[in-house]
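Asks:
Residue numbers (mature numbering (1 follows the signal peptide of the UniProt record, and there is no 0)): -22 to -1, 1 to 252.
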C-alpha cells in the first residue's frame, strides 16, 4: 500500500512539475479606455498556471515610446504582481522591457547557477510608429522581424540577440493558448521561426547558458543561465488580462490530489507505527 501511494505521488509530480513549478518573468499590458492609461504588469510564475508573489523592488521596468524616447517606470505592488502606469497619448508601438535582480540556484546536478531573467512586451495604440523590430538592449533579447500589431495566426520570424549580436544555439520555446508547446533552436545567424496556429496569448522564451564562474553575495556559481521572454497577444486586451490571471484547472486538480495523497500517506504511516 505504502509503495503504491509513493509511486502515485511520484507520477503526479512528474506530470505537474514542468508546468506548475517552472518560472518565467513576463510582462502583460492592458489599456484603460476611460483614463487612456496603459497598465504594465511584471509577473513571475508561469503563464496560465499560477503567479508567484512579487517583490516589486526586485524588478526594473522600462518603456520605449513610439517617438523613440525611453523611460524607467515606477513600480508598485498590486496583489501578486508589480504594476506601473503611463499615459498613452502617442499613437504607435510601446515597447516594455523588464529585468529581475539576479539570483543563484542549485538544481539536481549540484552545479550552482546564476539566474538572469528578462522580459519584453509590445503594445500598439492606434496607428503610428512601429518599432518592434528594433532591439531595446537586453543582454538576451527576442526581436521580431516585423511588427506584430495586426498579427493573428501564422508564421512569426525573429532573432535572438546576446549583447546586441545574433546568437546561434539558443533554445526557444513558445507556449500557446491551447496548451501548445513549440520548440526551436536559433540558427547560425540567430534567426528563428514559429508557426502559431492558435489565436490568443503566446509566450516566447529563449534561454542560453554560459560557463562563467563568479560570486553573488556569499554564493559562488559556475554557470550563468539567461532567460528572456516576449509575450505576443493577439486577443483583445480585456480578454487577455482575464486569461492571464486565471489558473489552469488541470494544475489545480493535480495539486489537490497530491495534497490528498500526501495526507493519506502520512496518516497510513502514523497508523502503521501505532
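All C-beta atoms in this analysis are idealised placements derived from N, C-alpha and C, irrespective of residue type, glycine included.
1) What does residue 72 pair with, by DSSP beta-bridge criteria?
2) Looking at the unbroken beta strand (DSSP E) that takes in residue 122, where does it start and where does it end?
3) Please state the DSSP three-state secondary structure of residue 1.
4) Tell me the rounded alpha-carbon separation between residue 140 and residue 119.
5) How should residue 145 be labelled, buried or exposed, when 16 other C-beta atoms within 10 angstroms of its C-beta is the threshold for buried?
6) In the region 4 to 42, which residue ranges form an unbroken beta strand (DSSP E) of at least 3 residues, counting only runs that do not cross its ends?
7) DSSP has residue 154 in a bridge; who is on the other side?
8) Since residue 133 sits in a beta bridge, which residues does DSSP pair it with?
9) Anyone know if the C-beta pair for residue 102 and residue 61 falls short of 8 Å?
10) So, is residue 65 buried or exposed, given that buried needs 16 or more other C-beta atoms within 10 angstroms?
11) Identify whether residue 112 lies in helix, strand or coil by the three-state DSSP scheme.
12) Taking the beta carbon of residue 7 as the centre, do at least 16 other beta carbons fall within 10 Å, making it buried, or is it exposed?
13) I'd like the list of long-range same chain contacts for residue 39, defined as Cβ closer than 8 Å, with 5 residues on each side in sequence excluded.
14) So residue 174 and residue 132 are in contact, right, with Cβ under 8 Å, and what is the actual spacing, rounded?
15) Nearest-angstrom Cα distance between residue 57 and residue 192?
16) Which residues in the same chain have their Cβ closer than 8 Å to the Cβ of residue 165, if we skip the five residues on either side of it in sequence?
17) Quick one: grab the DSSP three-state call for residue 46.
18) Per the DSSP calculation, residue 197 is bridged to which residue(s)?
19) Can you name, in chain order, every residue of its own chain whose Cβ lies under 8 Å from the Cβ of residue 13, other than the five neighbours on each side?
20) Compare the C-alpha of residue 67 against each of 211, 9, 163 and 194 and name the closest.
21) Beta carbon of residue 207, beta carbon of residue 2: below 8 Å?
22) Can you find at least 3 beta carbon pairs, one from the region 175 to 190 and one from the region 154 to 165, that sit closer than 8 Å?
Replies: In this structure, then:
1) 101, per the DSSP bridge assignment.
2) 118 to 122
3) coil
4) 7 Å
5) buried
6) 15 to 24 and 37 to 42
7) Looking at the DSSP assignment, residue 154 forms no beta bridge with any residue, so it has no partner.
8) 173
9) no
10) exposed
11) coil
12) buried
13) 5, 18, 20, 50, 51, 53, 60, 62, 74, 75 and 76
14) 7 Å
15) 34 Å
16) 146
17) Correct three-state label for residue 46: coil.
18) 194
19) Here the set comprises nothing.
20) Selection 211, 9, 163 and 194 evaluated against residue 67 yields 9 as nearest (Cα-Cα).
21) yes
22) yes
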